[in-house]
Amino acid sequence: MIVTVSAALLFGVITFVLVRTQRVSAGSMTAVWLSGFTAASTGLAGPVNQGLAAAAHMIATLH
């Protein structure tokens, strides 16, 4: 029997385990969580990419 799991669900479970075992901090968890949407190409990938691009642009324009 073949069992399939969505990539978004898999990334979510891995992130949960890493945070629960305190292998990653809250900041790292956020980066892993956001990149999971992008890597899995879910419906949220577009808005997440736009938000990350806007944040990077804002940081780049700080003086």
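All residue numbers for the sequence shown refer to the numbering used here, where the first residue is -11 and numbers rise by one.
Glycine included, C-beta positions come from ideal geometry on N, C-alpha and C.
Per the C-alpha coordinates, the member of A14, H51, S23 positioned closest to A41 is S23.
In the DSSP assignment, Q38 falls within the alpha helix (DSSP H) that extends over 33 to 48. Judged by DSSP secondary structure, R8 falls within the alpha helix (DSSP H) whose first and last residues are -5 to 8.
DSSP places T(-8) outside both helix and strand once states are collapsed to three, so it counts as coil.
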